[in-house]
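Undergrad: Input: one structure, supplied below.
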Amino acid sequence: MIDSLAGLHERARQRLDPVHYDFFAGGAGAEVALAENERAFGRLALRPRVLRGNDIRDLRTTLPGARAAVPIFVSPTAFHRLAHPDGELATARATAAAGAVLISSMAATVAIGEVAAAARAVDPAAAVWFQLYLQRDPAVTEHLVRHAEAAGCSALVITVDSPVFGHRERDQHNGFHDLPAGLTTANMQDLPGGPREIDMSAAFTWAHLARLRALTRLPLLLKGILHPADARLAVEAGLDGIIVSNHGGRQLDAAPAGIEALPPIVSTVDGEIPVLLDGGVRRGSDAVIALALGATAIGLGRPVLWGLAAAGESGVRQVLELIRAELDHVLTLCGASRPAELTPDLVVPRGCRC
Ligand SMILES: Cc1cc2nc3c(=O)[nH]c(=O)nc-3n(C[C@H](O)[C@H](O)[C@H](O)COP(=O)(O)O)c2cc1C
Ligand SMILES: CCCCCCC(=O)C(=O)O
């Protein structure tokens, strides 16, 4: 049993093929946005309240299509079978056991039907959301949506920060372009006309999203929002939630850290729909800062991959339990009983006179 995320990360680094490690760890360009995601949390401090009678705490959180035991979601990440042979099945079981929400990537190496079934075998009420990129061929998009519905997914997450794929210099240097023999993007195999590649496009507009809105009754969330004006458009377009994210620093390297982009977006959305956040969350204190600044839940990308690569399902369970326990501990130290009691005045710039 490794007792820290850093320990699991190091174990993962030792176990992974270095090329696959770089795919998971790397970011776009000079990896400034990647580094800033973590650094930005370091520039913030928590100013706790005292004598609040918060010996009993409740981390339960309501999200679109989900009643979660914790305000934590597993961010969608590709290719889990590169990390461990059980791949997304292990991630699904561990996430369901933790009572967190799983967002399964359309670039998963296990099809969404099997992923959702693995989660439900652990907890029949487990919440699994399906993430997709709009595809140039609307028939493919519709097919993916129908698969997610048939799998029992309780929401769809549309990633909108990838009109083109980010320049990942580590992958270019390593010549990593394809999955090794025996692994596939499982959701892209059973499609009209046969298997397809994931197709990104800069041609999409809010009108395409309106068509998707008309296609399904599932709650829809947009992932990859950093500008308050887009957050407002999302509210007006009838979206059910947004995820503030710079895609783990893998798309626009000049993008701000998610946590820096969060406050003006929360202010613009003004409670009309939930605002979630991912990017650089490595500690319970990071999670509490994000919740205090108005996020309804926080997402973990790479930490889950490190747990998976280090020890399969048990490693993912450890990661989620570490963050849950730290979150609860920091909540207690801040004088709060529930995430909703955390308020922005608790967060101050580190080094300020407060
Ligand atoms: C290896 C890897 C693969 C990813 N794949 C996807 C994906 O398929 N879809 C998506 O929307 N985001 C994807 N992301 C971005 C994550 O969902 C998330 O925004 C990011 O990892 C959060 O930052 P963190 O890794 O610092 O926690 C990926 C990130 C990584 C590291
Ligand atoms: C063309 C394959 C797309 C995989 C998408 C994975 C992803 O979003 C990432 O950041 O990597």
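Just so we're aligned, residue 904 is where the sequence shown starts under this note's numbering, counting upward by one.
Where a beta carbon is used, it is the ideal one built from N, C-alpha and C, also for glycine.
For the beta strand (DSSP E) holding L1162, just list the boundary residues, first then last.
TA: Per the sequence shown, residue 1162 should be read as Ile rather than Leu. Premise fails: I1162 lies in the alpha helix (DSSP H), 1161-1172, not in any beta strand (DSSP E).
Undergrad: Under the rule that 16 or more other beta-carbon atoms within 10 Å means buried, what is V1207, buried or exposed?
TA: With at least 16 other beta carbons inside 10 angstroms of its own, V1207 counts as buried.
Undergrad: Return helix, strand or coil for R950, following the three-state DSSP convention.
TA: coil
Undergrad: Comparing the CB of I1015 with every heavy atom of ligand 2, is any distance shorter than 7 Å?
TA: no
Undergrad: Less than 8 Å between the CB atoms is what I'm expecting for A938 and V973, so what's the real figure, rounded?
TA: About 27 Å separates the Cβ atoms of A938 and V973, ruling out a contact at the 8 Å cut-off.
Undergrad: Any heavy atom of ligand 2 inside 7 Å of the beta-carbon of I1101?
TA: Because some heavy atom of ligand 2 lies under 7 Å away, the Cβ of I1101 counts as near it: yes.
Undergrad: Say yes only if the C-beta of Q1034 is nearer than 7 Å to one or more non-hydrogen atoms of ligand 1, and no if none qualify.
TA: yes
Undergrad: L853 by DSSP, collapsed to three states: which one?
TA: Nothing in the structure corresponds to residue 853, since the chain is present only between 904 and 1257.
Undergrad: Expressed to the nearest angstrom, what Euclidean distance is found between the alpha-carbon atoms of A1054 and M1091?
TA: 15 Å
Undergrad: Who are the near neighbours of I1201 in its chain, counting only those whose CB is closer than 8 Å to its CB and skipping five residues on each side?
TA: The residues are P974, I975, F976, L1179, L1180, D1181, V1184, D1189, A1190, A1193, L1194.
Undergrad: Can you list, in chain order, the residues of its chain whose CB lies under 6 Å from that of A1030, leaving out five sequence neighbours each side?
TA: A969, V1004, S1057
Undergrad: Comparing alpha-carbon positions, which option in G1187, L1196, R1186 lies nearest P1177?
TA: L1196
Undergrad: List the endpoints of the continuous alpha helix (DSSP H) containing I959.
TA: From DSSP, I959 is part of no alpha helix (DSSP H); its letter is neither H nor E.
Undergrad: For V1060, list the residues DSSP reports as bridge partners.
TA: Q1034, L1124
Undergrad: Rounded C-beta distance between L1118 and V1048? I'm assuming under 8 Å.
TA: 6 Å
Undergrad: Hey, quick one: how far does the beta strand (DSSP E) through I1273 stretch, first residue to last?
TA: No answer is possible for residue 1273: it lies beyond the span of the chain, which begins at 904 and ends at 1257.
Undergrad: Can you give me the Cβ contacts of N940 inside the same chain, cut-off strictly under 8 Å, excluding the 5 residues immediately before and after it?
TA: N1149, G1151, G1152, A1160, G1161, I1162, G1182, G1183
Undergrad: On the criterion of 16 or more Cβ atoms from any shown chain inside 10 Å, does S907 qualify as buried, or is it exposed?
TA: exposed
Undergrad: Out of A981, T994, F926, which has the shortest C-alpha to C-alpha gap to E1216?
TA: Of the listed residues, the one whose Cα sits closest to E1216 is T994.
Undergrad: Between the C-alpha atoms of D1248 and H987, what's the straight-line distance to the nearest angstrom?
TA: 42 Å
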